[in-house]
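2 protein chains.
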Amino acid sequence: MKKITLLMVALVMCAIASAQFAGIQQRGPQEEALPEGFKPSATNIFLAQYPAVNATTRQVMFRVNAPTAQKVQIDLCNKKYDMVKDEKGAWTCTSDPQVVGFHYYAVLIDGVPVMDRNTDAYFGSNWKSSGVEIPEGPEGDYYRFNKNIPHGQIRSLYYWSELNGLERHVNVYVPAEYEQNPTKKYPVLYLLHGWGEDENGWSNQGHMGNIMDGLIAAQKAVPMIVVMESGDIKTNPDVRKAATNDVTQIYVKDLMPFIEKTFRTQADRDHRAMAGLSRGGGQTTSTVFPNMDKFAWMGTFSGFFMGMRMGGNNAAPAPDMKTQVETSFNGVFKDAKAFNDKMHLLFISTGTAENSPKAAVDALKEHGIKVVFHESQGTAHEWLTWRRALNEFAPRLFK
Amino acid sequence: MKKITLLMVALVMCAIASAQFAGIQQRGPQEEALPEGFKPSATNIFLAQYPAVNATTRQVMFRVNAPTAQKVQIDLCNKKYDMVKDEKGAWTCTSDPQVVGFHYYAVLIDGVPVMDRNTDAYFGSNWKSSGVEIPEGPEGDYYRFNKNIPHGQIRSLYYWSELNGLERHVNVYVPAEYEQNPTKKYPVLYLLHGWGEDENGWSNQGHMGNIMDGLIAAQKAVPMIVVMESGDIKTNPDVRKAATNDVTQIYVKDLMPFIEKTFRTQADRDHRAMAGLSRGGGQTTSTVFPNMDKFAWMGTFSGFFMGMRMGGNNAAPAPDMKTQVETSFNGVFKDAKAFNDKMHLLFISTGTAENSPKAAVDALKEHGIKVVFHESQGTAHEWLTWRRALNEFAPRLFK
């Protein structure tokens with residue numbers, strides 16, 4: 001009868017061996033105390049001490065277990081840091097002070113860029129990347145989990161796209177009250193990701209659930225449904241060359257009908273908004289302007305805008321801004337009054353540490369177009385800029 | 400006015416540069432045609448051709464771009480494959496024939512185990528790993544997306560745990576009809592992950608959504624809610640030494656009240672089930688047996704069971720199986736009639752290519768305990784075994 005126990009022991013061993021092939025032993029001990037002032041990044045997987053962040057100096061300490069490598073570096077915000085190996089085979093380095101917010105980074109193992117497996121995997125630059133979060137003080141509370149308010153749900157759905165001939169994935173935020181009001185209908189915000197990211201970006205990197213929960217609980221924003229889709233990233237044979245027009249068809253012909261069939265939506269232009277970040281801002285303009293019978297609220301966060309189009313035209317000589325205002329997007333701005341009457345909100349935002357669309361905004365305003373312009377102080381083309389943009393944008397919708 | 404366009408061009412360049420630091424250029428060209436018979440693995444990120452799988456020979460071709468590395472290997476199912484470098488710096492190899500189903504693997508860059516960034520990131524072995532899927536024929540349709548049936552939703556929720564003093568994440572599957580029946584209440588299956596995995600395993604690696612959608616659409620299973628939680632993985636300071644008792648408290652005191660407050664559940668023992676795979680099977684027995692006033696249906700898939708306990712006792716001498724049956728789990732099986740009267744389903748499953756609990760099952764049966772025993776032919780301690788287990792288990796619930 002000992003046989004059974006031996007078999008069982010063997011099964012444990014087998015399970016452990018099968019788990020170990022992926023290298024749990026190489027993950028290395030996690031128990032070392034962190035240096036004074038450093039705490040594990042909010043992006044770390046459970047038990048992982050590194051990357052560790054000093055909230056005061058805004059420096060990051062990295063530690064990578066790689067006993068057999070010849071050279072290990074961290075590639076963070078366009079600077080490479082050489083790491084130093086200790087006697088156990090762990091490599092460490094400490095970064096320069098960073099801007100607050102979320103940053104992607106890579107580990108270079110003998111020059112090969114890989115994920116640091118100590119953090120969650122974030123889809124960026126068209127593959128899974130590591131991320132580190134430099135924490136803000138209380139001013140960042142709006143995107144953190146608040147245990148004292150009701151929480152919405154982010155629902156993961158797959159649906160069949162006739163247009164693409166494949167199943168597509170979409171994440172849909174519903175407000176906390178959605179379940180408690182089984183007949184109430186809600187307005188919908190279509191919220192697009194940027195280049196190289198996907199439908200999970202807004203919830204993972206952007207913490208949109210916490211932001212919306214907070215705005216709705218404080219009655220700053222009306223309860224709404226927020227739809228986050230993969231756009232053309234899972235359809236286009238080369239997303240880097242994708243025309244923005246294709247995605248319009250996906251949104252209008254595939255996604256919107258599916259959402260309106262599946263959720264209790266207020267299915268008219270006065271209750272539909274679209275916004276996007278970076279490339280998703282460009283997709284917002286190219287989707288909304290030709291479809292103003294379907295959308296009356298829009299936002300472009302650090303987005304491609306006037307004078308700047310996808311598809312290789314970036315190097316083309318610029319028309320002057322006045323012409324630009326009159327001719328962009330098939331002349332949608334030409335008749336300012338007509339535009340203002342139809343579009344309830346045109347929201348344009350940027351970080352002050354990235355190139356600004358302010359001149360375009362000024363030209364639009366001069367022409368009489370109503371624009372809400374938001375600048376995120378001190379932030380670049382990164383997620384903190386977009387969290388702040390959403391936090392400013394959502395309260396202005398559907399009112 | 401050319402300044403604006405130049406600014407805009409700079410912004411594009413900046414966005415692209417910021418995206419490139421994580422190495423999109425190093426991802427390498429994806430346009431090469433695959434060798435005859437090979438197709439991209441179902442686990443690949445969009446556009447990624449490799450890993451590529453030959454469904455007939457069940458071999459996998461890997462390709463890793465690593466021009467600066469000295470040695471690159473693939474570590475798949477406990478075998479290391481040396482890769483060969485081409486003139487562009489891409490390394491390739493072809494594996495031996497594999498068992499059908501999902502397998503984790505790692506890339507070794509100069510001996511350092513990292514993710515292959517061509518696949519989605521799956522949480523396994525306590526960190527993010529790559530995975531490859533060796534496809535089955537039509538017999539695998541039950542876990543694939545079926546465009547002709549209604550689909551449930553997997554809802555991502557965060558809730559505050561007083562017990563842990565932190566927010567916890569849970570995924571909850573609701574059947575397609577849930578929204579259409581705003582007053583109907585549903586039975587609940589608590590479905591646990593295994594060692595080194597997390598609350599996303601059943602939906603990502605296990606395709607539980609597709610499995611449940613299919614069973615419910617075919618009226619093989621009753622519509623039910625399925626709750627997938629992280630267990631103790633995000634609470635315990637050393638999950639590898641965790642006592643299974645702790646997790647019981649999380650389930651019974653934190654999770655169940657939250658689920659029953661948030662969803663329309665039939666909140667009694669006749670409509671509550673728990674099942675888990677591997678270590679989650681052990682957690683199922685240690686949670687359900689002392690709480691048979693709360694659960695009447697249970698399953699342990701490749702799970703730790705009689706004679707085999709967590710916490711370092713695996714090497715202890717085995718009692719004989721008759722004693723085991725009478726004393727295990729505080730003697731829950733001793734009075735077979737009493738057990739059978741109370742427990743509507745005790746389901747135990749295994750793969751035939753892993754060590755089997757059959758002897759324990761036989762001893763239980765001999766003692767008069769009603770057990771449903773399922774064997775997955777030809778599969779090991781892996782996800783295909785557990786997809787099949789769920790597909791056999793769920794139809795037997797709540798009937």
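Quick mapping for you: the protein sequence lines, in order, are chains A and B.
Quick note: the first sequence uses the numbering used here, first residue 1, plus one each step.
Quick note: the second sequence uses the numbering used here, first residue 400, plus one each step.
Note that the Cβ used here is the ideal one computed from N, Cα and C, for glycine as well.
- Taking a contact as a CB-CB distance under 8 Å, the pair G101 (chain A) and T379 (chain A) counts as one, their CB atoms being some 6 Å apart.
- The C-beta of T664 (chain B) comes no closer than 7 Å to any C-beta of chain A.
- Beta-bridge pairing by DSSP links A90 (chain A) to A:N65.
- In the same chain as F263 (chain A), and ignoring 5 residues on each side of it, the C-beta atoms closer than 8 Å to its own belong to V172, V174, Y186, V188 and I225, in chain order.
- Within the same chain, and ignoring the five residues on either side of P756 (chain B) in sequence, the residues whose Cβ sits closer than 7 Å to its Cβ are F704, I747 and T749.
- Residues of the same chain with a CB within less than 6 Å of the CB of L345 (chain A), apart from the 5 flanking positions on each side, are W297 and R396 in chain order.
- C-alpha of A735 (chain B) to C-alpha of K88 (chain A): approximately 55 Å in a straight line.
- Per DSSP, the continuous beta strand (DSSP E) segment holding I508 (chain B) begins and ends at G500 to I508.
- Every unbroken stretch of the beta strand (DSSP E) spanning 3 or more residues and falling wholly within the segment 692-780 of chain B is given here in chain order: 696-700, 744-750 and 771-775.
- Between the alpha carbons of T300 (chain A) and T385 (chain A) lies a gap of roughly 12 Å.
- Beta-carbon to beta-carbon, D213 (chain A) and I149 (chain A) are separated by about 6 Å, close enough to satisfy the 8 Å threshold.
- Comparing C-alpha distances from A363 (chain A) to each of A:M321, A:F339, A:L108 and A:N78 shows the shortest one belongs to A:M321.
- Those residues of the segment 545-557 of chain B placed with their C-beta closer than 7 Å to a C-beta in chain A are K546, H550, Q552, I553, R554, S555, L556 and Y557, ordered along the chain.
- Residue range M208 to A217 is occupied by the alpha helix (DSSP H) that includes D213 (chain A).
- In chain order, D509 make up the part of chain B whose C-beta sits under 7 Å from the C-beta of Q70 (chain A).
- A distance of 7 Å or more separates the beta carbons of A788 (chain B) and V112 (chain A).
- Within chain B, the residues E578, P581 and T582 have their CB atoms less than 9 Å from the CB of P182 (chain A), given in chain order.
- By the beta-carbon neighbour count (other beta carbons within 10 angstroms, threshold 16), V760 (chain B) is buried.
- Assigned with DSSP and collapsed to three states, M115 (chain A) falls in coil, not helix or strand.
- Inside the segment 642-686 of chain B, DSSP marks whole beta strand (DSSP E) runs of 3 or more residues at positions 671-676, from first to last along the chain.
- Within chain B, the residues placing a beta-carbon under 8 Å from that of K128 (chain A) are I444, M514, R516, D519, A520 and K527, ordered along the chain.
- Within chain A, no residue has its CB atom less than 8 Å from the CB of I649 (chain B), the nearest being about 14 Å off.
- Counting along the chain, R795 (chain B) sits inside no alpha helix (DSSP H), nor does DSSP assign it H or E at all.
- Among the CB atoms of chain B, one or more fall inside 7 Å of the CB of K234 (chain A).
- Note that the segment 531-543 of chain B does not touch the segment 562-570 of chain B; fewer than 3 beta-carbon pairs, one per stretch, sit closer than 8 Å.
- With the rule of 3 Cβ pairs closer than 8 Å, the segment 591-610 of chain B counts as touching the segment 664-682 of chain B.
- With the rule of 3 Cβ pairs closer than 8 Å, the segment 265-274 of chain A does not count as touching the segment 201-218 of chain A.
- Exclusion of the five residues before and after S230 (chain A) leaves R168, H169, V170, H193, D198 and E199 as the residues of its chain whose Cβ lies within less than 8 Å of its Cβ.
- For S95 (chain A), the closest C-alpha among the options A:A42, A:E375, A:K80 and A:N181 is that of A:K80.
- When 8 Å is used as the limit between beta carbons, E566 (chain B) is near these residues of chain A: F145 and K147, in chain order.
- Collapsing the DSSP output to three states places Q552 (chain B) in a strand.
- Contact annotation, V107 (chain A) with V64 (chain A): C-beta distance approximately 5 Å; criterion of less than 8 Å satisfied.
- For the C-beta of A33 (chain A), not a single chain B residue is nearer than 7 Å; the gap to the nearest is close to 14 Å.
- With respect to chain B, the C-beta atom of W386 (chain A) has no partner C-beta closer than 7 Å.
- In the structure shown, W202 (chain A) adopts helical secondary structure according to DSSP, grouped into three states.
- For P439 (chain B), the uninterrupted beta strand (DSSP E) run begins and ends at F437 to P439, by DSSP.
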